[in-house]
Each structure stands twice: as C-alpha cells, then as structure tokens.
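Protein chains: 2
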Amino acid sequence: MKLLIELSYVGTNYCGYQVQQNGDTIQQRLNEAALSLFGFPCDVSGCSRTDSGVHARTYFATVCRKDTQNLECSIPLFRIPMAFNAHLPDDIAVRRALYVDSSFHPRYDVRSKTYRYRMLLKREREPFLAPYCWHVPYPTLPDAEQRMDRAAGLFCGKRDFSTFMAKGSKIEDPVRTVLSSRVFREDCELIFEICADGFLYHMVRIMAGTLIEVACGRMEPQSMTSLMEARDRELAGPTAPPCGLTLWDVQYGSPT
Amino acid sequence: MKLLIELSYVGTNYCGYQVQQNGDTIQQRLNEAALSLFGFPCDVSGCSRTDSGVHARTYFATVCRKDTQNLECSIPLFRIPMAFNAHLPDDIAVRRALYVDSSFHPRYDVRSKTYRYRMLLKREREPFLAPYCWHVPYPTLPDAEQRMDRAAGLFCGKRDFSTFMAKGSKIEDPVRTVLSSRVFREDCELIFEICADGFLYHMVRIMAGTLIEVACGRMEPQSMTSLMEARDRELAGPTAPPCGLTLWDVQYGSPT
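Chains as they are written, first to last, in the numbering used here: chain A, 1 to 256; chain B, 257 to 512.
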C-alpha cells in the first residue's frame, strides 16, 4: 500500500514541482513534510512536472517509505491532511488522503488532465488577480472571446502537436489526444480550458499565446488547423507566462 | 493644482504605505514612479497609513512637484494611469487620475473610510485565498455568521474605541464614529465590513480578532457593549493578521 494525497498549491514561490539542485520546489517541501510527519525518509512521487511558477488546484502524489516502498501509518486517514499541513507553508495544502495499491503510479496511471489558463484582456491592471492571470493590456477585437473559443475548439482530436511544443524538447512521439478545449468568460477573466490524455512541454502556454494572436486579429481562428499540420513551433504565438496556468483537474481510470 | 491618483495594491510584499528607512513601501514606489514619469522630484501624499501587509482596493494619493507643491503636466489625464503603471510593479495599479485644488488633502479631507476584513472559517486551507484572507481552522459555532454580524452591529455609533486600540498608541482622542458595521458571507469567506470617520491603530484587526472569539463562543455578541465601555484592550480578542485586511473604499466630502 501507498498513501495517495490530493493537494493544491500556488506555484509563484517555487521552481516547479520537481526537486532540483538550485531552488525551492513543491516536491522538496512534501519530502520534508513527510519526513517530519512520519519520522523516516519517504519517496514522494507526483502526477505531473509542473513548471516554475505554475499552480495546481488539483494535484496527486503518492507517499511511501524510501526503504520498503510501502506505507501504512497509525494516523487515521482523515487526520492526514491537517497533520501534513502543519509541516507545510500556506501556499501548499493537502486536502485528502487515501490508500492505493503499491502498483498505482500517480503519473503513468493518469487517464487525462485538465488545465486552465486564465487571462485578463483589458487595459487596467488587477493587482489581486496578478498572481493567477496573464494580463494582456493591448487592444483585442470586440469578438475576441468567440474567436478564441472557435480556435480552441480546433485543438480537439488526436493530433501531432509539434507546433505547440517548446523547441528542444526531447519527446519521441508528439501525438496527443485533446478531449475538450474551449474558451469562456468568468467575471472579468477569459479562461482557456483544455483536457487531454497528455501534454507536450509548454503546450498549453504556447496555445494560450496563440489564442491571444487570434484575439488581436493577427491570426484567424480557422488557421489553427493548418498551423497544426505544419508542425512548426515558429508559426505559433509566443509562450504565455506561467502565472496564468493552473493544473485544474486530474482524471484516473477507475478504480483509483 | 495637484494630481489626484486612485490606486489599488496588494500589500503582501510591502512594509506598509509610508516611506521608512528599512523596507520597501508603496509610497517609496510611487515617489520613484513619479520621478521617472515627470522627470522631477515629487511629493506623494496618501489617504491612509496602511500597515505592513495590508492591502488596498481603493486608495487615493496626491502628487505634486516637491519645489512648487503644484503639478500640471502635458500628459492627457486618461493616459496617466498607463504611464504610471509602466513604472510600477504588478502589485500596484494606478486606476484613474484627475486634478484637484492645491488645498485638497488626501488624508485630512477624508469623510469616511470602509475596510473589509476577510476570514476563512473552515479546517481546510485555500492556498489561492491565503494572501488575502485570515484562515481560522479551529471549530466555530454553527451560527457563527449570525453571532458575528450581531456583535459587529454593536460597534455602530460615536464611541470611545480604546478597547480596540493597540497598546502604546499615542492618540489623544480615541472617539470615532462608526457609520456601518456588519458581517456577511461571500462564497466560502466571511467578510467583516466597517465604515467609520476614522480608525484607531489596529482597530479593525482587533475587532476581527474579537469577532472570532464570538464565533467560537468564547464571547457573547451582546458583550461588545460592556467591552467598549470598559476601555481596556486586555478584554478584547487578539489582533488578527494583516493579510486579511483591505482598505475597501474612501469617501470624500463632495466635491472631491
């Protein structure tokens, strides 16, 4: 058995999820919290390698003893979140804990993930939203929302997404299946929501940057199809900043 | 003439509004932005001395030349906010600018100010709200919201608020007039909103700390009256943390 924890975090102050030599990471904080809580070194394994500055509303990680790769603890499951949180900073929260089979892998067993990219399309700044949104102060077309939603819809399907992959990524197979993709308004924000069986490096951020080109009229919604066929990163828009990106949901095959 | 600017800021990264020797402040940033924008040293004078870590949704400051105490500039008024913001970090935003008479004082001419104190009364953390809310994870009574609102209502009126003033404050007259005071729910937050002609040092934060005592049943709503009559800081609740406090609105006598 392993412990599966569900968490949320604000990525602003971290160099991404995965442990690295220079810089504070979510995984490092979880490792330290697990050691303090259980009293022995643990392996914490996450569902995704979120980039520096990217947030997660929903994130899953497994926790097990480093030596036995197993974990059953005496703390009742419902107490685990509070116990973990006592050893974590305010910008990371464990929400739930349950036991899963030792064969469960939080990353390889993911069936699909949903990301949201939040954008603020207006001249005025919103300091309270700044940590979570990309502020786009330059003019966009009056029907920007409809144009972006039309363009986003064209990302759906099983395709080669090389156009939306950061240059220099070492991925053998750039084919992914996008299950849903849309743009909608929530208060003063425009939200790009995309669900897929997997994502290439910087894929959502490059798509968001491209949608803003569509919003400004520098690209047409229907050009997304030829853009993807070209498999050329140069033709897509810029990579949108990490602050706007949130891992929104993670779907596992049943049973979890 | 002087320039009056309306702004918003997130106080998390600042040691309050007012310039001080050790630490970054909002006023310091505005001074620097004004110098960059106009090319001469300016006096920036604010409507309130918000504490370290306190936010402002609405804040007013006047800007004038240091030497002449006047300012009329060649930039059209509607361009001033964008021009200022180009010299300010993302957590400070100038929203509007207008000219006011040289005799106008952004602090002494305030008729009333409204503060909001945001609280999250549940076990679970909310990392995305953490910068703006006080998280109260311990148990409160089922009718906490109604109890807090009843207690808050008793703050209304012209009274000596010494009970809700930080010890050691050098205030000659601790009498203030509270024009409205209530607690209401907004999504998962409870909000304490208070409007008064002036506030004593830490007044809203001590009131918020006291309302949480009422929420937990350690104090009764109706005890607020005797609490205020006692004029004893020791009898009130703890000082709530600054992150939950936002200067929400500032009312001037007409015409502004």
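Beta carbons: idealized from backbone N, C-alpha and C, even for Gly.
If distances are taken between C-alpha atoms only, which option among the options comes closest to residue i?
i      : options                        : result
E449/B : K414/B, E262/B, A408/B, T281/B : A408/B
M219/A : L7/A, C47/A, R65/A, A144/A     : A144/A
T481/B : K414/B, I447/B, A452/B         : K414/B
R321/B : V392/B, P398/B, D299/B, Q277/B : D299/B
T62/A  : P174/A, V175/A, K113/A, Q27/A  : Q27/A
I212/A : L200/A, P241/A, V175/A, E124/A : P241/A
E328/B : D416/B, V431/B, R305/B, F296/B : F296/B
P383/B : L154/A, R116/A, R95/A, M1/A    : R95/A
N341/B : A236/A, A83/A, S181/A, H135/A  : H135/A
T502/B : L435/B, Y373/B, S437/B, P393/B : Y373/B
S304/B : P393/B, V275/B, L354/B         : V275/B
D160/A : G53/A, Y108/A, A196/A          : A196/A
S301/B : L286/B, D443/B, C444/B         : L286/B
L410/B : L263/B, S308/B, R438/B         : R438/B
S180/A : S162/A, V204/A, D187/A         : V204/A
E259/A : D187/A, S162/A, V178/A         : Given a span of 1 to 256 for chain A in the structure shown, any question on residue 259/A remains unanswerable.
V260/A : N70/A, T210/A, R111/A          : With chain A represented from 1 up to 256, any question about residue 260/A goes unanswered, as that position is not in the structure.
D187/A : G53/A, M1/A, P137/A, L129/A    : L129/A
Quick one: what's got a C-beta closer than 6 Å to residue i's C-beta in the same chain, skipping five residues either side?
i      : result
K122/A : none
M207/A : F164
K369/B : V506
P221/A : R147, R150, A151, V214
L98/A  : L4
P494/B : G465
Does residue i have its Cβ less than 8 Å from a Cβ in chain B?
i      : result
R95/A  : yes
Y17/A  : no
P255/A : At P255/A, the pLDDT of 46 sits below 50, so the modelled position is not reliable; the number obtained from the coordinates is stated separately. Chain B contact via Cβ: absent.
Y9/A   : yes
F281/A : This structure gives no information on residue 281/A, because the portion of chain A shown stretches from 1 to 256.
I191/A : no
A240/A : no
Output needed for residue i: all residues of its chain with C-beta closer than 8 Å, excluding positions within five of it in sequence on either side, in chain order.
i      : result
Y9/A   : I26, H55, A56, Y59, D91, I92, A93
Y457/B : M421, A422, S425, I427
P131/A : V10, T12, C243
C389/B : R374, M375, L376, E382, E445, C499, G500
E262/B : T314, Y315, F316, V350, R351, R352, A353
I191/A : R116, Y117, R118, M119, V183, F184, R185
L88/A  : R29, L30, A33, V94
K258/B : T318, V319, C320, Q325, N326, L327, Y355, V356, D357, S358, F360
P430/B : D416, F417, S418, M421, L456, R487
Give a yes or no on whether 8 Å exceeds the smallest Cβ distance from residue i to chain A.
i      : result
Y371/B : no
D346/B : yes
I282/B : no
Here's a check: name, in chain order, each residue in its chain whose Cβ is nearer than 7 Å to the Cβ of residue i, leaving out the five neighbours to either side.
i      : result
P511/B : Caution is warranted here: a pLDDT of 46 is assigned to P511/B, below 50, making its placement in the model unreliable, and no coordinate value can be reported.
A471/B : L377, T396, L397, A400, R403, M404
G198/A : R176
G279/B : C271
T306/B : G267, G272, Y273, A312, L503
I75/A  : A83
Does the segment 100 to 108 of chain A touch the segment 216 to 230 of chain A, meaning 3 or more C-beta pairs lie closer than 8 Å?
no
Counting beta carbon pairs with one atom in the segment 268 to 283 of chain B and one in the segment 77 to 84 of chain A, are three or more of them shorter than 8 Å?
no
With three or more beta-carbon pairs closer than 8 Å as the criterion, would you say the segment 246 to 254 of chain A touches the segment 288 to 298 of chain B?
no
To be precise: take each residue of the segment 394 to 407 of chain B, compare its Cβ to all Cβ atoms of chain A, and keep it if any distance is under 8 Å. Which residues remain?
none
Output needed in chain order: residues of the segment 70 to 85 of chain A with a Cβ under 8 Å from some Cβ in chain B.
P81, M82, N85
Interface positions of the segment 374 to 393 of chain B facing chain A (Cβ-Cβ less than 9 Å), listed along the chain:
R379, E380, R381, E382, P383, F384, A386, P387, Y388, H391, P393
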